[in-house]
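All remarks here apply to the structure that follows.
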Amino acid sequence: MSKVRPAKLSRELARKVLEGYGEVAGVQCAVLFSSDGFEIASHAADAAASARLAAIGSSLAALGTALAGEAGLGDFERTTIESNGGAVTIMRVGSSRSMSLAVVAGKDAVLGQLLWATQRCCQALAKLLDP
Amino acid sequence: MSGVEAGEFKIVFTGPMGAGKTTAIAAISEGEPVRTEVENTDRVAHAKESTTVGFDFGRITLADGSVVRLYGTPGQVRYRFMWDILGRGAAGVIVLLDASAPGALVQLDVFVDAFIPHVAHGALVVGVGRTDVPNAPSTDAFAARLDARGIVAPVLSVDVRRQGDVMMLVRTLVCILGSHTAHGVPA
Amino acid sequence: MQTLKICDVGLQPDTSHAFHSMLKIVAGRSKAAWQVAGIEHADVLFASSEGDGSTFAAWGATGKPVVLVIDDRSSWPPAPFVLRHPFRVMQLLSVLDDVADLLAASPGRERGDPSRWSAAESLRALMPQSGNAAWHVTRTPLGEEVWLGHGLVRAAARTIARLRAGELELAAFHPTGTSPPADAPAIAACDFAWYVGLSGPARLAPWLFADVAYRLRRWPDFGRLGVNTGMLELCAMSTVRAWTPAALVEASGQPAADVHRFLAAASLAGLLVANGSEQAPALLARGRVQSGWDRFLGGLRRHLGLAA
Numbered sequence: 168m169s170k171v172r173p174a175k176l177s178r179e180l181a182r183k184v185l186e187g188y189g190e191v192a193g194v195q196c197a198v199l200f201s202s203d204g205f206e207i208a209s210h211a212a213d214a215a216a217s218a219r220l221a222a223i224g225s226s227l228a229a230l231g232t233a234l235a236g237e238a239g240l241g242d243f244e245r246t247t248i249e250s251n252g253g254a255v256t257i258m259r260v261g262s263s264r265s266m267s268l269a270v271v272a273g274k275d276a277v278l279g280q281l282l283w284a285t286q287r288c289c290q291a292l293a294k295l296l297d298p
Numbered sequence: 002m003s004g005v006e007a008g009e010f011k012i013v014f015t016g017p018m019g020a021g022k023t024t025a026i027a028a029i030s031e032g033e034p035v036r037t038e039v040e041n042t043d044r045v046a047h048a049k050e051s052t053t054v055g056f057d058f059g060r061i062t063l064a065d066g067s068v069v070r071l072y073g074t075p076g077q078v079r080y081r082f083m084w085d086i087l088g089r090g091a092a093g094v095i096v097l098l099d100a101s102a103p104g105a106l107v108q109l110d111v112f113v114d115a116f117i118p119h120v121a122h123g124a125l126v127v128g129v130g131r132t133d134v135p136n137a138p139s140t141d142a143f144a145a146r147l148d149a150r151g152i153v154a155p156v157l158s159v160d161v162r163r164q165g166d167v168m169m170l171v172r173t174l175v176c177i178l179g180s181h182t183a184h185g186v187p188a
Numbered sequence: 108m109q110t111l112k113i114c115d116v117g118l119q120p121d122t123s124h125a126f127h128s129m130l131k132i133v134a135g136r137s138k139a140a141w142q143v144a145g146i147e148h149a150d151v152l153f154a155s156s157e158g159d160g161s162t163f164a165a166w167g168a169t170g171k172p173v174v175l176v177i178d179d180r181s182s183w184p185p186a187p188f189v190l191r192h193p194f195r196v197m198q199l200l201s202v203l204d205d206v207a208d209l210l211a212a213s214p215g216r217e218r219g220d221p222s223r224w225s226a227a228e229s230l231r232a233l234m235p236q237s238g239n240a241a242w243h244v245t246r247t248p249l250g251e252e253v254w255l256g257h258g259l260v261r262a263a264a265r266t267i268a269r270l271r272a273g274e275l276e277l278a279a280f281h282p283t284g285t286s287p288p289a290d291a292p293a294i295a296a297c298d299f300a301w302y303v304g305l306s307g308p309a310r311l312a313p314w315l316f317a318d319v320a321y322r323l324r325r326w327p328d329f330g331r332l333g334v335n336t337g338m339l340e341l342c343a344m345s346t347v348r349a350w351t352p353a354a355l356v357e358a359s360g361q362p363a364a365d366v367h368r369f370l371a372a373a374s375l376a377g378l379l380v381a382n383g384s385e386q387a388p389a390l391l392a393r394g395r396v397q398s399g400w401d402r403f404l405g406g407l408r409r410h411l412g413l414a415a
């Protein structure tokens, strides 16, 4: 088993961190996933939905990495998909490329708040999982 | 339907994890292909170090300036959504398999089922690696599997690390496309 | 009315009995008058597909038609006239009429020098049983032995290499009580059959018919066999639809000798079927031919070194 698959205890702690999203307006669910698309922890998403979010999120993070590299812009940090029903933001956790966080928010969310909360959350997760 | 009207000619390489899709595209693409490989954290499923989670992208430019796009899909079923995105509008599909992997024959079914709906002109070619490993199914076993489903598609043993072998797969695909255009039953 | 002589060989007793009694029933309904004759006088052989290889080899060299009788376990062979036992009177009548049509259309068909087909003919007869334990053997002109049995062909490595290159002419296989050296290099019998077909004479093989349309039921594994682009084209065309040999020459623009050798190789390897003897493939062209497609494909073909 590789080092980027956190132990069960760490996954439990990560889930606690994600629970903080309960206080952010408009957030529907959040999924922490490995770069190869496995869910590590989730908040307010059922198992099937979080598995799919993890897979699609990891593709987007990998495409983001490829695109930033192609443009000579260094490492991928985050991407936000905005649609008429809301927004999904995908942000890298910590300095390694091993994990990202996807957060789904409805129309009532304020994008700036969402990004700020997500950055805070990623920092907390990085301390916890990627010291 | 093929996407030639849209100025796009796309060949998709697909197949399970570790079959050599990224290697195959790198073998024939001009320049360095786009890769979206990340660390594989599920070494129980497959021992390889990295795996494609977005797509591979390479290209071949023809003498008249038009471009053939080569896409490689992720191999794992949880990336099925990418299969459909990449398969749409493909002129042809090359399924790569590792004969020595457990369940290789079942994998053939999985990928044929997923990509047949995208392929017009019957343009499907199967490349099978590592048929020389003891107890691995032969290419005949894969062909028989297609026969049983009424599909006539070439099954060729290949080593995708060899450029010549990958080109053989592409040539075979192009011959099929040409035959169906010239001699096929009109739609 | 044409009178044709037919000889039955190798049939199971019940099949033989059915054949002889049905032959009396079809008298007066068939296009030709059929007489039972000895093999040396017969125009047509009526034989079990499980029959003796040397009989097939000798018969094949005459270029006369064969009606093959297969049992219910056998897969449909690549032959123009096939009956599955048990068959009905009307099925026998239909096959006999087809044979009569063929013979009426091509009296005294030119079959060329039979000796050069001898290895291929004996192989053709032996292929259905090539998985059996009994060994058969033949020799190259230099006296090197080539063994067939257990689904394999064993020979010296250099003999196999020359055969792959189409450089060997072999005599007919015959049964032998001995075995090849255990360490002799081996290739699959069906791969060997492919090479024998490709290295045959330029004429259409005697067991193929100029007026029968053939198609490929399965692609050969070119990764194993090696390929040139001409063969890829012929395979691709022959999986789309069935062609008579002449139509395939015409449509492919390839030399008749290449097309004939391709057909011989495909039939010896068990990949060729006469049209109508099996279901057509389900995966046929579904796409509409689009403008720009031909031009684009032409560019890609030139890039890949295929004829444009």
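Protein chains in written order, with the numbering used here: chain A, 168 to 298; chain B, 2 to 188; chain C, 108 to 415. Cβ coordinates follow ideal geometry from the N, Cα and C atoms, glycine included. As the structure is a computational prediction, the values presented were derived from the model and not from experiment.
{"Asked": "Where the beta strand (DSSP E) containing C:Phe280 begins and where it ends", "Found": "No beta strand (DSSP E) contains C:Phe280, which DSSP labels as neither H nor E."}
{"Asked": "Local Cβ density within 10 Å of A:Asp203, reported as buried at 16 or more and exposed below that", "Found": "buried"}
{"Asked": "Best match in B:Leu63, B:Lys22, B:Val129 for proximity to B:Phe10 [C-alpha to C-alpha]", "Found": "B:Leu63"}
{"Asked": "Listed by chain order, chain A residues near B:Tyr1 by CB distance under 8 Å", "Found": "Any question about residue 1 of chain B goes unanswered here, given that chain B covers just 2 to 188."}
{"Asked": "Cβ shell of C:Ala364 (< 6 Å), same chain only, five flanking positions each side left out", "Found": "Ala309"}
{"Asked": "Buried or exposed (CB count within 10 angstroms, at least 16 for buried), A:Lys294", "Found": "exposed"}
{"Asked": "Test item: CB-CB of B:Val94 and B:Leu71 under 7 Å", "Found": "no"}
{"Asked": "Residue burial classification, C:Ala139 (beta-carbon count within 10 angstroms, cutoff 16)", "Found": "buried"}
{"Asked": "Interface partners of C:Val340 on chain B, CB under 9 Å", "Found": "The residue asked about is misnamed: residue 340 of chain C is Glu in this sequence, not Val. Near C:Glu340 (Cβ distances below 9 Å), the residues of chain B are Cys176, Gly179, Ser180."}
{"Asked": "Beta-carbon neighbours of A:Ala302, restricted to chain B and to distances below 7 Å", "Found": "With chain A represented from 168 up to 298, any question about residue 302 of chain A goes unanswered, as that position is not in the structure."}
{"Asked": "Contact belief for C:Val176 with C:Leu118 at Cβ below 8 Å, rounded distance in angstroms", "Found": "6 Å"}
{"Asked": "Through-space distance from C:Ser225 to C:Arg218, alpha-carbon basis", "Found": "Any reading at C:Arg218 must be qualified, since the residue scores a pLDDT of 38, below 50, and its modelled position is unreliable; the value itself is stated next. Their backbone Cα atoms lie some 13 Å apart in a straight line."}
{"Asked": "Neighbour flag for B:Gly23 against chain A, beta carbons, 7 Å", "Found": "Reading off the sequence shown, one finds Thr at residue 23 of chain B, where the question assumed Gly. No, because no Cβ of chain A sits closer than 7 Å to the Cβ of B:Thr23."}
{"Asked": "Partners in chain A for B:Ser36, counting only beta-carbon separations shorter than 8 Å", "Found": "Checking the sequence, you will find Arg at residue 36 of chain B rather than Ser. In chain order: Ala233."}
{"Asked": "Among C:Pro362, C:Leu379, C:Arg324, C:Ala134, the one whose alpha carbon lies nearest that of B:Ala145", "Found": "C:Arg324"}
{"Asked": "Inter-residue Cα distance where the pair is C:Arg408 and C:Gln236", "Found": "41 Å"}
{"Asked": "B:Ile152: first and last residue of the uninterrupted alpha helix (DSSP H) it sits in", "Found": "Unbroken run through B:Ile152: none, as it is neither H nor E."}
{"Asked": "Where C:Arg261 falls: helix, strand or coil (DSSP)", "Found": "strand"}
{"Asked": "Near-chain B residues of the stretch 263-278 of chain A (beta-carbon distance less than 8 Å), N- to C-terminal order", "Found": "Arg264, Ser265"}
{"Asked": "Test: A:Ala197 CB closer than 7 Å to a CB of chain B", "Found": "no"}
{"Asked": "Identity of the residue in C:Gly158, C:Gly167, C:Ile132 nearest C:Glu147 by Cα", "Found": "C:Gly167"}
{"Asked": "C:Glu340 (DSSP reduced to helix, strand or coil)", "Found": "helix"}
{"Asked": "Per-residue contacts from A:Leu230 into chain B (C-beta, under 7 Å)", "Found": "Thr37, Gly55"}
{"Asked": "C-beta neighbour in chain B for C:Thr351, strict 7 Å", "Found": "no"}
{"Asked": "Assumed close pair B:Tyr80, B:Val54 - CB separation to whole angstroms, cut-off 8 Å", "Found": "7 Å"}
{"Asked": "Residue(s) in a DSSP beta bridge with C:Trp254", "Found": "C:Val244, C:Arg261"}
{"Asked": "Backbone CA spacing between C:Val133 and C:Val196 [nearest angstrom]", "Found": "7 Å"}
{"Asked": "Range of the contiguous alpha helix (DSSP H) that encloses C:Ala363", "Found": "363-375"}
{"Asked": "Residues that DSSP places opposite C:Tyr302 in a beta bridge", "Found": "None, per the DSSP bridge assignment."}
{"Asked": "C-alpha gap between A:Arg182 and A:His210, whole angstroms", "Found": "7 Å"}
{"Asked": "Cβ pair count under 8 Å reaching 3, the stretch 128-139 of chain B against the stretch 96-105 of chain B", "Found": "yes"}
{"Asked": "When C:Leu339, C:Ala144, C:Ser306, C:Leu255 are compared against C:Ala241, the one with the closest alpha-carbon", "Found": "C:Leu255"}
{"Asked": "C:Thr245 versus C:Gly377: straight-line alpha-carbon distance, rounded", "Found": "21 Å"}
{"Asked": "Proximity test, Cβ basis, 7 Å: B:Thr52 and chain A", "Found": "yes"}
{"Asked": "Contacts that B:Ser158 makes with chain C (C-beta to C-beta distance below 7 Å)", "Found": "Asp328, Gly330, Arg331"}
{"Asked": "Residues bridged to C:Val174 [DSSP beta-bridge criterion]", "Found": "C:Phe153"}
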